[in-house]
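Trainee: These protein sequence lines are chains Y and W, in that order.
If you read the first sequence in our numbering, its first letter stands for residue 16, the second for the next number, and so on.
If you read the second sequence in our numbering, its first letter stands for residue 90, the second for the next number, and so on.
Yeah, the Cβ is synthetic: ideal placement off N, Cα and C, and Gly gets one too.
Here you go, one structure.
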Amino acid sequence: MAYTEQELEKDLKDKEYEYGFYTDIKSDTLPPGLNEDIIIAISKKKNEPDWMTAWRLEAFKHWKTMTEPNWANVGYEKPDYQSISYYSAPSNQPKYDSLDEVDPELLDTFKKLGISIDEQKKLAGVAVDVVMDSVSVATTFKKTLAEKGIIFCSISEAIQEHPELVKKYIGSVVPPKDNFFAALNSAVFTDGSFCYIPKGVRCPMELSTYFRINQAGTGQFERTLVIAEESSYVSYLEGCTAPMRDENQLHAAVVELIALDNAEIKYSTVQNWFPGNKEGKGGVFNFVTKRGLCEKNAKISWTQVETGSAVTWKYPSCILKGDNSIGEFYSIALTNNFQQADTGTKMIHLGNNTKSTIISKGISAGRSQNSYRGLVKVSPRAKNARNFSQCDSLLMGNKCGAHTFPYIEVSNKTAQIEHEATTSKIGEDQIFYCNQRGIDTEKAIALIVNGFSKEVLNKLPMEFAVEAQKLLEISLEGSVG
Amino acid sequence: MKLKEKLLSSFMAFEENIDLENDIHNIRNEAIKYFETSGFPHRKQEAWKYTSLNAILKEDYSIFPKKEETIEYRDIKKYCIHDIDTYQIVFVDGIYASHLSQTTHDKFDACLMSSALNKAKYKPIIKKYFNKVAPQESLTALNTAFSYEGAYIKIPKGVAAEKPIQILNFSTGNEHALMIQPRNLIIAEDNAQVQIIERHHSLTDNAVLTNSVTEIFAGKNANVDYYKIQNDKITSSLIDNTYISQDRDSEVSMHTFSFGGKLTRNNLNFYQNGSNINSILKGVTIIEGKQHVDHNTLVHHRKPHCESHQDYKGIFAEKSTGVFNGKVLVDKIAQKTDAYQSNNNILIDDQATINSKPQLEIFADDVKCSHGCTIGQLDEEALFYMRSRGIPEKEARALLMYAFANNVLNSVKIPEIKKRITKQIALKIGVQLGFDL
């Protein structure tokens with residue numbers, strides 16, 4: 016039987032969120048609401064020094080004066096920030112020395128996700144800092160890293176043990192007053208990861224963090240800080256899945272990367288949060304501020320595969336401050352059903368001879384809206400800046416939309432900027448060609464989508480590339496093989 | 090008094106003095122109300138992000154010139170395309186100058202907006218077309234409120250205008266600063282053909298602000314070929330709002346040549362209301378000093394099987410700034426759309442700036458839409474090639490720039506315009522063309 020487009024469409028519609036389960040672990044949760052007392056309480060719970068509390072309060076003071084932005088090409092019901100609980104931690108603290116002590120239910124969760132810790136320990140050589148509702152509960156491979164002088168821990172631990180580093184760098188790339196969601200995050204962040212690579216060290220393994228949103232009604236406010244000292248290298252992976260929820264969950268994370276002279280940071284994300292059901296009900300709001308700063312000869316490379324979330328609002332950016340620095344952005348954004356994504360990047364060229372590359376692939380299906388919004392800015396003093404941008408969109412069906420909003424601002428004559436964008440659909444003759452050779456329509460679409468995204472998938476580290484394909488598969492039900 | 094208040098109070102006086110149909114009165118009143126609430130656009134608005142009107146709104150413009158200044162043909166001769174036979178509709182300080190014009194009512198109408206608005210025989214046409222494609226936007230509404238004079242061109246079914254029509258606006262500098270708001274209405278009925286050349290020019294160094302609105306209706310299989318030449322004095326600013334409604338099988342092409350003026354803003358909007366339509370938007374911008382040129386285009390594909398082609402080239406010297414803000418909107422039903430948008434720029438000096446925002450908004454899946462935007466320098470290898478063959482660097486550069494801009498001229502259908510613009514480009518870039526034009 017021929018697999019028709021209608022059937023495919025139906026299948027896509029009916030595809031339920033595979034990872035929709037909910038782990039029942041007792042949580043230590045603060046009452047909903049946001050005020051100075053809550054922030055002080057969060058800070059106290061985390062046993063933070065005074066400067067940190069003051070920093071949070073300052074951010075909160077500023078947040079109160081800000082209004083939620085609405086310029087993005089997305090429509091959603093604005094969350095009520097007073098009905099969210101801003102702190103939730105699994106109660107089984109303190110930490111475990113070995114996996115045996117970990118709540119078996121939690122381990123079971125990981126098994127369902129296919130990221131069983133013990134397996135990964137053996138096979139992948141990946142240190143996993145598992146974040147379960149805002150607090151780290153398991154960290155592995157710490158010893159190996161410690162030998163190299165690499166610090167990889169939760170940010171609350173870093174605040175306790177390396178306050179000088181945190182104090183110096185936190186908010187240096189994304190200031191607390193940067194935008195509405197960054198200010199909110201700065202005021203209430205509960206946990207996140209901290210990573211420090213000392214001078215001249217090449218991190219021997221891929222560092223990885225799994226974020227999970229678990230407790231109902233808890234917003235996740237992660238704060239990630241990665242510092243690569245001179246001539247160091249690190250590859251950092253971030254992957255996300257969330258259980259099914261009916262009400263919208265808010266996620267406003269901040270990620271700051273600092274690459275000092277000659278350093279290189281590779282930051283990869285696979286995001287597969289609950290996108291809402293096929294009627295567009297529920298799903299995660301993902302409002303993230305990600306930014307990296309490049310000093311001389313430094314390089315920051317963002318790779319992202321966005322398949323989840325009901326609303327995505329995310330622009331991983333590079334500030335190319337040092338001479339000869341390089342910024343890269345590779346993205347696949349896949350939207351289905353009623354998902355909305357407004358994502359892209361900002362490349363700010365400040366130093367001389369800076370280079371940036373933007374490759375963005377948008378795939379829209381169902382009734383989703385997928386936008387690319389990017390800025391390439393060359394300041395008057397940035398000589399010989401070079402940028403290449405390519406934004407391709409693939410539309411599946413005529414109920415979805417693909418949009419491109421590139422902003423190009425150039426004030427230096429030596430700059431060389433190229434931007435190109437195309438929008439297309441899967442050609443009928445392409446599918447016919449495959450059918451003719453015995454490949455059914457479903458597989459043919461998989462083949463074509465895979466080929467379309469290949470440029471970006473290739474940029475992912477090995478460990479992640481497999482998972483990324485799996486996630487594309489989930490979002491486009493079996494059509495990716 | 091601020092310009093906005095001045096305009097609002099002038100409106101009362103203006104309305105009392107003219108005797109027009111009720112319908113028009115209503116349209117005007119509605120428009121002024123809209124302008125009163127919206128005010129002038131500012132940089133917080135996305136469409137005006139890169140263009141600020143603050144500097145030009147500071148002037149104390151007079152809204153109506155006090156007396157008529159007579160100018161002779163010799164004063165304006167160099168601004169006309171005089172080597173071909175054309176109809177001419179000439180306005181001096183916003184007022185029709187009959188002794189300089191050559192209008193017609195023979196096979197088609199090429200006359201005045203004021204008479205079209207006032208005379209009973211035009212009533213059904215005005216009712217059908219006037220202010221029908223122009224949306225409520227602050228500057229357009231302002232123009233609508235003060236709409237009185239401009240060109241009115243109507244080509245009936247199946248008629249091809251035998252010679253081009255020139256619309257020329259001159260300002261004499263009789264006033265310290267003058268604001269003029271021409272309103273043009275151009276209707277090409279089914280199978281009609283027309284070529285139009287539009288130009289604004291100031292004859293002195295006093296400040297002039299022109300806020301012009303042109304509505305163009307192209308009927309079935311009609312062909313409209315429109316040229317805007319913007320090469321005004323550095324004291325003049327132009328805000329040009331053009332709205333084009335196209336019916337099936339029609340072709341409208343718009344060439345915009347921006348070489349002068351203090352601030353030039355082109356709001357060019359195409360609405361495709363039938364299938365198999367072709368819309369062509371081309372532009373060459375060559376500016377220097379502190380000039381600012383902003384091209385803001387919209388092509389709205391509303392029906393299937395249509396095409397649009399956009400090609401804008403810009404060369405920016407000294408402290409000039411350029412903006413390209415192009416939008417292609419493809420509706421759900423507009424399948425098989427073929428839309429292309431290209432914007433290429435060269436910055437000559439360190440302080441020149443270009444802000445480009447080519448946007449695609451696509452809701453249909455079976456379309457071919459692409460855009461490209463480049464900002465760069467001249468090809469070093471091409472330069473080297475020419476220098477190795479004895480062409481001095483300065484001239485080699487100029488030749489390359491000339492070739493870059495000249496690309497757009499291929500689609501110009503009136504040879505005299507092509508010749509003039511080619512000369513103008515050569516003059517701007519400072520190249521001595523070694524061949525005859």
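From SER364 (chain W) to ILE285 (chain W), what does the alpha carbon distance come to, in whole angstroms?
Mentor: Translated into the one-based positions of the second sequence, residue 364 (chain W) becomes position 275. Translated into the one-based positions of the second sequence, residue 285 (chain W) becomes position 196. Computed Cα separation, rounded: 24 Å.
Trainee: For the beta strand (DSSP E) that contains GLN175 (chain Y), what are its first and last residues?
Mentor: In the first sequence, counting from the first residue as 1, residue 175 (chain Y) sits at position 160. Not the beta strand (DSSP E): GLN175 (chain Y) falls in the alpha helix (DSSP H), residues 170 to 176.
Trainee: Using Cβ-Cβ distances below 8 Å, what residues of the region 414 to 431 of chain Y are close to chain W?
Mentor: Listed by position, the residues of the region 414 to 431 of chain Y near chain W (Cβ gap below 8 Å) are LYS414, CYS415, GLY416, ALA417, HIS418, THR419, PHE420, PRO421, TYR422, ILE423, GLU424, VAL425, SER426, ASN427, LYS428, THR429, ALA430, GLN431.
Trainee: Are any of the Cβ atoms in chain Y nearer than 7 Å to that of GLN361 (chain W)?
Mentor: Here the question's residue 361 (chain W) lines up with position 272 in the second sequence. No, GLN361 (chain W) does not count as interfacial toward chain Y.
Trainee: Starting from LEU268 (chain W), follow its DSSP beta bridges and name the residues at the other end.
Mentor: Locating residue 268 (chain W) in the second sequence gives position 179, counting from the first residue. Going by the sequence as given, residue 268 (chain W) is Met instead of Leu. Paired residue(s): W:LEU298.
Trainee: For THR167 (chain W) and LEU349 (chain Y), I'd like the C-alpha separation in whole angstroms.
Mentor: Mapped onto the second sequence, residue 167 (chain W) falls at position 78. Mapped onto the first sequence, residue 349 (chain Y) falls at position 334. The sequence given here has Lys at residue 167 (chain W), not Thr. Between LYS167 (chain W) and LEU349 (chain Y), the C-alpha separation is close to 58 Å.
Trainee: In chain W, which residues lie with their C-beta within 8 Å of the C-beta of LYS440 (chain Y)?
Mentor: Taking the first residue of the first sequence as 1, we reach residue 440 (chain Y) at position 425. Here the neighbours are ASP454, ASP455, VAL456.
Trainee: Any idea which residues DSSP pairs GLN255 (chain W) with across the strands?
Mentor: Position 166 of the second sequence holds residue 255 (chain W). BP columns for GLN255 (chain W) point to W:GLN177, W:ILE286.
Trainee: Which residues of chain Y have a Cβ atom closer than 9 Å to the Cβ of GLU450 (chain W), listed in chain order?
Mentor: Here residue 450 (chain W) corresponds to residue number 361 of the second sequence, with the count starting at 1. What GLU450 (chain W) touches in chain Y: ASN88, SER386, GLY416, ALA417, HIS418, THR419, PHE420.
Trainee: With H, G and I counted as helix, E and B as strand and the rest as coil, what does DSSP make of MET411 (chain Y)?
Mentor: As a working note, residue 411 (chain Y) is residue 396 in the first sequence. It is coil, neither helix nor strand.
Trainee: Using C-beta distances below 8 Å, list every residue in its chain close to SER394 (chain Y), excluding the 5 sequence neighbours before and after it, in chain order.
Mentor: Stepping through the first sequence from its first residue, residue 394 (chain Y) is reached at position 379. If we look at SER394 (chain Y) and ignore the five residues flanking it on each side, its Cβ neighbours are ILE363, HIS364, LEU365, SER426, ASN427.
Trainee: Does the beta carbon of ASP468 (chain W) fall short of 6 Å from some heavy atom of the ligand HEM?
Mentor: Here there are no bound small molecules, and the ligand HEM is not part of this structure.
Trainee: Quick one: what's ILE378 (chain Y) bridged to in DSSP?
Mentor: For the purposes of this step, residue 378 (chain Y) is identified with residue 363 of the first sequence, where counting begins at 1. Note: ILE378 (chain Y) sits in a beta bridge opposite Y:LEU349, Y:LEU409.
Trainee: Quick one: give me the first and last residue of the beta strand (DSSP E) that THR438 (chain Y) is part of.
Mentor: Along the first sequence, one-based indexing puts residue 438 (chain Y) at 423. From DSSP, the beta strand (DSSP E) with THR438 (chain Y) extends over 431 to 440.
Trainee: According to DSSP, what are the bridge partners of ALA428 (chain W)?
Mentor: The sequence position of residue 428 (chain W) within the second sequence is 339, counting from 1. ALA428 (chain W) is bridged to W:SER397, W:CYS458.
Trainee: Could you check whether the Cβ of GLU321 (chain Y) sits closer than 7 Å to any Cβ belonging to chain W?
Mentor: In the first sequence, residue 321 (chain Y) corresponds to position 306, counting from 1. For GLU321 (chain Y), the answer is no, since every Cβ of chain W falls outside 7 Å of its Cβ.
Trainee: Considering only residues of the region 365 to 414 of chain W, which uninterrupted beta strand (DSSP E) runs meet the minimum length of 3 residues and lie entirely inside it, listed in chain order?
Mentor: Here the runs fully enclosed are 367 to 376, 381 to 390, 396 to 405.
Trainee: Pull out every residue of the region 282 to 293 of chain W whose Cβ sits closer than 9 Å to any Cβ of chain Y, in chain order.
Mentor: Taking 9 Å as the Cβ-Cβ cut-off against chain Y, none of the residues of the region 282 to 293 of chain W qualify.
Trainee: Below 7 Å between beta carbons: does that hold for ILE347 (chain Y) and SER223 (chain Y)?
Mentor: Taking the first sequence and counting its residues from 1, the one referred to as residue 347 (chain Y) is at position 332. Taking the first sequence and counting its residues from 1, the one referred to as residue 223 (chain Y) is at position 208. In this structure, SER223 (chain Y) does not lie closer than 7 Å to ILE347 (chain Y) by Cβ.
Trainee: Is the number of C-beta pairs between the region 327 to 339 of chain W and the region 354 to 363 of chain W that are closer than 8 Å three or more?
Mentor: Flag = yes, the region 327 to 339 of chain W and the region 354 to 363 of chain W touch.
Trainee: With 7 Å set as the bound, which would you pick, yes or no: does the beta-carbon of HIS398 (chain W) sit closer than that to a beta-carbon of chain Y?
Mentor: Taking the first residue of the second sequence as 1, we reach residue 398 (chain W) at position 309. Answer no: the Cβ-Cβ gap between HIS398 (chain W) and chain Y never drops below 7 Å.
Trainee: Going by other Cβ atoms of all chains shown within 10 Å of its Cβ, with 16 needed for buried, is GLN235 (chain Y) buried or exposed?
Mentor: The count along the first sequence starts at 1 and reaches residue 235 (chain Y) at position 220. Buried, because 16 or more other Cβ atoms sit within 10 Å of the Cβ of GLN235 (chain Y).
Trainee: Where does the unbroken alpha helix (DSSP H) through ARG71 (chain Y) begin, and where does it stop?
Mentor: Locating residue 71 (chain Y) in the first sequence gives position 56, where the first residue counts as 1. 65 to 79 is the span of the alpha helix (DSSP H), which, as asked, contains ARG71 (chain Y).
Trainee: Pick from Y:PHE353, Y:GLY389, Y:SER379, Y:GLY323: whose alpha carbon is nearest that of TYR15 (chain Y)?
Mentor: Residue 15 (chain Y) is absent from the structure shown; chain Y starts at 16 and stops at 496.
Trainee: Rank Y:THR372, Y:PHE353, Y:PHE302, Y:LYS311 by C-alpha distance to the C-alpha of ASN85 (chain Y) and give the top, closest one.
Mentor: The residue given as residue 85 (chain Y) occupies position 70 in the first sequence. For ASN85 (chain Y), the nearest C-alpha among the options comes from Y:PHE302.
Trainee: First and last residue of the beta strand (DSSP E) that includes ASP198 (chain W)?
Mentor: Here the question's residue 198 (chain W) lines up with position 109 in the second sequence. Where ASP198 (chain W) is concerned, the enclosing beta strand (DSSP E) stretches over 198 to 201.
Trainee: Rounded C-beta distance between ALA188 (chain Y) and GLY307 (chain Y)? I'm assuming under 8 Å.
Mentor: Taking the first residue of the first sequence as 1, we reach residue 188 (chain Y) at position 173. Taking the first residue of the first sequence as 1, we reach residue 307 (chain Y) at position 292. Before going further, note that residue 188 (chain Y) is Val rather than Ala in the sequence given. At roughly 7 Å, the Cβ-Cβ gap stays under 8 Å, so VAL188 (chain Y) and GLY307 (chain Y) are in contact.
Trainee: Mind checking the region 346 to 366 of chain Y against chain W and listing, in chain order, the residues whose C-beta falls within less than 7 Å of any C-beta there?
Mentor: Here the close residues number zero.
Trainee: According to DSSP, is HIS364 (chain Y) part of a helix, a strand, or is it coil?
Mentor: Taking the first residue of the first sequence as 1, we reach residue 364 (chain Y) at position 349. If DSSP states are grouped into helix, strand and coil, HIS364 (chain Y) belongs with the strands.
Trainee: Please check if any C-beta of chain Y sits within less than 7 Å of the C-beta of ASP198 (chain W).
Mentor: To locate residue 198 (chain W), count along the second sequence from 1; it is residue 109. ASP198 (chain W) does not count as touching chain Y.
Trainee: Please state whether DSSP places GLU162 (chain Y) in a helix, a strand or coil.
Mentor: Residue numbering aside, residue 162 (chain Y) sits at position 147 when the first sequence is read from its first letter. If DSSP states are grouped into helix, strand and coil, GLU162 (chain Y) belongs with the helices.
Trainee: Measuring CA to CA, which of Y:GLU179, Y:ASN50, Y:GLY298 is closest to ASN287 (chain Y)?
Mentor: The residue labelled residue 287 (chain Y) in the question sits at position 272 within the first sequence. ASN287 (chain Y) has its Cα closest to that of Y:GLY298, out of Y:GLU179, Y:ASN50, Y:GLY298.
Trainee: With H, G and I counted as helix, E and B as strand and the rest as coil, what does DSSP make of TYR332 (chain W)?
Mentor: Sequence index remark: in the second sequence, residue 332 (chain W) carries index 243 (1-based). Looking at TYR332 (chain W) - three-state DSSP - the assignment turns out to be strand.
Trainee: Grouping DSSP H, G and I as helix and E and B as strand, with all else coil, what is SER246 (chain Y)?
Mentor: The residue labelled residue 246 (chain Y) in the question sits at position 231 within the first sequence. The answer is coil: DSSP assigns SER246 (chain Y) none of H, G, I, E or B.
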